[in-house]
Amino acid sequence: MSASVHMADAPLPPLRGRVQAGAALGPATWFRVGGPAELLARPADVDDLLRLLRRAELPITVIGAASNLIVRDGGVRGIVLRLARGFGDVEVEADGVVAGAAALDATVAEHAAAAGLSGLEFLSGIPGSIGGAVAMNAGAYGAEVADVLDWAEIATADGLLRVRAAELRLSYRRSQLPPGGVVTRARFRAVPGEKAAIAARMAAIRESREATQPVRARTGGSTFANPPGHKAWALIDAAGCRGRVLGGAQVSEKHCNFLLNTGEATAADLEDLGDAVRAAVLAHSGISLEWEIKRIGERAA
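Counting along the sequence shown from 1, when you hit position 21 you're at 21 in the UniProt record's numbering, and nothing is skipped either side.
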């Protein structure tokens with residue numbers, strides 16, 4: 001535990017994991033922007049997490065790999081919860097994979113491929129962790145979590161629940177977790193396949209990402225969800241927003257549903273540019289884009 005947090009004064013129970021006051025969050029995000037967490041908690045394991053959820057006195061905000069996230073410049077009040085080492089295990093079974101919430105999506109795909117299990121290749125194209133993938137029903141390359149999820153274990157203030165996929169009511173980029181629930185691990189179905197074919201599919205996904213997305217830039221993945229019957233990038237392009245700049249933020253020239261931090265962007269630059277794009281698309285097409293990137297915290301005073 002960080003020496004800067006004295007538990008007698010802090011509104012959370014003693015944890016075996018790490019707790020930091022005023023922890024910088026920006027460096028942990030893919031955009032590399034944003035203010036600090038009032039408290040950043042990284043529980044050691046499920047028991048530690050349950051203790052925190054039962055007894056915390058401040059609001060809790062959960063972050064994962066922070067790949068699809070803007071932390072606003074004023075930082076985040078309360079407790080920011082990030083699952084780390086104790087939640088990263090990946091277990092391969094005969095017909096599926098059980099993965100901790102902190103395991104990266106790509107890592108799960110690689111474990112399945114090494115075991116000759118097919119059906120999870122699409123996870124290699126999603127830049128995030130399993131907890132976030134379940135919480136937002138992440139998808140790419142023609143598949144989504146709803147297609148392969150058996151169950152998720154979810155920590156709540158009342159205890160640990162194992163919830164069947166159907167109970168989560170997974171829909172496009174959404175799930176209905178229990179109130180205050182935190183995904184701790186999940187099981188994904190897979191089927192035996194030819195290792196060479198699985199490897200080829202994953203290689204094709206990597207090549208497609210490299211060719212069409214700004215994967216080496218400071219970005220946050222897809223900015224807006226695709227409206228029914230439309231592609232967000234095409235609406236943005238048609239509205240004349242490809243390459244649009246605001247401060248240190250830019251709409252990617254390569255894929256205009258991606259925002260970029262060109263080097264000196266603030267979180268406000270990115271969010272304001274995103275809102276300007278939404279306004280331009282609405283004016284041009286009459287379609288309202290919904291943010292896919294999660295935005296947390298407060299704007300700078």
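The C-beta atom is built at its ideal place from N, Cα and C for all residues, glycine as well. Since we're looking at a predicted model, the values are computed, not measured.
Residues sharing a beta bridge with Thr-219, DSSP: Within the sequence shown, numbered from 1, the residue matching residue 219 stands at position 219. Leu-260, per the DSSP bridge assignment.
For Val-148 and Leu-168, believed in contact at Cβ under 8 Å, the rounded distance: Residue 168 sits at position 168 when you count from the first residue of the sequence shown. Residue 148 sits at position 148 when you count from the first residue of the sequence shown. That pair is no contact at about 13 Å.
As assigned by DSSP and simplified to three states, the class of Ala-186: In the sequence shown, the residue the question calls residue 186 occupies position 186. Residue state, collapsed to three classes: strand.
Nearest neighbour of Gly-274, chosen from Ser-285, Trp-291 and Leu-12 [CA to CA]: Here residue 274 refers to the residue found at position 274 when the sequence shown is read from its first residue. It is Trp-291 whose Cα lies nearest to the Cα of Gly-274.
For Asn-257 and Thr-287, believed in contact at Cβ under 8 Å, the rounded distance: For this step, residue 287 is matched to residue 287 along the sequence shown. For this step, residue 257 is matched to residue 257 along the sequence shown. Before going further, note that residue 287 is Ile rather than Thr in the sequence given. Incorrect: roughly 13 Å between the Cβ atoms, too far for contact.
At least three beta-carbon pairs within less than 8 Å, the region 107-123 to the region 74-82: no
Top-ranked residue by Cα proximity to Leu-177, from Ala-109, Pro-192, Leu-161 and Asp-45: On the sequence shown, residue 177 is found 177 positions in, with the first residue counted as 1. Between Leu-177 and the set Ala-109, Pro-192, Leu-161 and Asp-45, the nearest pair of CA atoms involves Leu-161.
Member of Leu-50, Leu-40 and Val-97 whose CA lies at the smallest distance from the CA of Pro-192: Here the question's residue 192 lines up with position 192 in the sequence shown. That would be Val-97, whose Cα lies nearest to the Cα of Pro-192.
With 16 other Cβ atoms within 10 Å as the buried cut-off, status of Pro-36: As a working note, residue 36 is residue 36 in the sequence shown. Buried, since its Cβ has 16 or more Cβ neighbours within 10 Å.
For residue 343, the three-state DSSP class (helix, strand or coil): Here the chain has residues from 1 to 301 only, and residue 343 is not among them.
Ala-249 versus Ala-283 - alpha carbon distance: As a first step, residue 249 must be located in the sequence shown, where it is residue number 249. As a first step, residue 283 must be located in the sequence shown, where it is residue number 283. Each residue's alpha carbon lies about 21 Å from the other.
Residue ranges of each alpha helix (DSSP H) within the region 129-195, 4 or longer: 130-135
Secondary structure of Thr-61, DSSP reduced to three states: The residue given as residue 61 occupies position 61 in the sequence shown. Strand, per DSSP.
Euclidean distance between Cα positions of Gly-125 and Ile-79: Locating residue 125 in the sequence shown gives position 125, where the first residue counts as 1. Locating residue 79 in the sequence shown gives position 79, where the first residue counts as 1. Annotation: Gly-125 to Ile-79 spans about 30 Å, alpha carbon to alpha carbon.
Length of the line joining the Cα atoms of Ala-267 and Ala-196: The sequence position of residue 267 within the sequence shown is 267, counting from 1. The sequence position of residue 196 within the sequence shown is 196, counting from 1. Each residue's alpha carbon lies about 43 Å from the other.
Of the residues Val-163, Asp-269 and Ala-200, the one placed nearest Val-33, counting alpha carbons only: Here residue 33 corresponds to residue number 33 of the sequence shown, with the count starting at 1. Nearest C-alpha to Val-33: Asp-269.
Inter-stretch contact (C-beta, 8 Å, three-pair minimum) for the region 9-25 and the region 49-62: yes
Residues that DSSP places opposite Ile-205 in a beta bridge: Here residue 205 refers to the residue found at position 205 when the sequence shown is read from its first residue. The bridge partners DSSP lists for Ile-205 come to none.
C-alpha distance - Gly-181 paired with Thr-156, whole-angstrom precision: Here residue 181 refers to the residue found at position 181 when the sequence shown is read from its first residue. Here residue 156 refers to the residue found at position 156 when the sequence shown is read from its first residue. When rounded, the distance between both Cα atoms is 5 Å.
Beta-bridge pairing of Lys-294 - partner residues as DSSP gives them: Indexing the sequence shown from 1 puts residue 294 at position 294. Its beta-bridge partners are Leu-69.
Cβ neighbour criterion (16 or more within 10 Å) applied to residue 339: Shown here, the chain extends from 1 to 301; a query on residue 339 therefore has no answer.
Helix, strand or coil at Ala-106 according to DSSP, with G and I counted as helix: Numbered from 1 along the sequence shown, position 106 holds the residue referred to as residue 106. For Ala-106, the secondary structure class from DSSP, reduced to helix, strand or coil, is helix.
Start-to-end residues for the beta strand (DSSP E) that takes in residue 310: Coverage of the chain is limited to positions 1 through 301, which leaves residue 310 absent and any answer about it impossible.
Separation of Arg-201 from Arg-174, as counted between CA atoms: To locate residue 174, count along the sequence shown from 1; it is residue 174. To locate residue 201, count along the sequence shown from 1; it is residue 201. Each residue's alpha carbon lies about 26 Å from the other.
Run of the alpha helix (DSSP H) containing Glu-271, from where it starts to where it stops: In the sequence shown, counting from the first residue as 1, residue 271 sits at position 271. Per DSSP, Glu-271 belongs to the alpha helix (DSSP H) from 267-285.
Status (buried if at least 16 other CB within 10 Å, exposed otherwise) for His-6: Numbered from 1 along the sequence shown, position 6 holds the residue referred to as residue 6. Low per-residue confidence applies at His-6: pLDDT is 39, beneath 50, and the placement is therefore not dependable, though the value from the model is reported in the following sentence. The residue in question, His-6, is exposed, as its Cβ has fewer than 16 Cβ neighbours within 10 Å.
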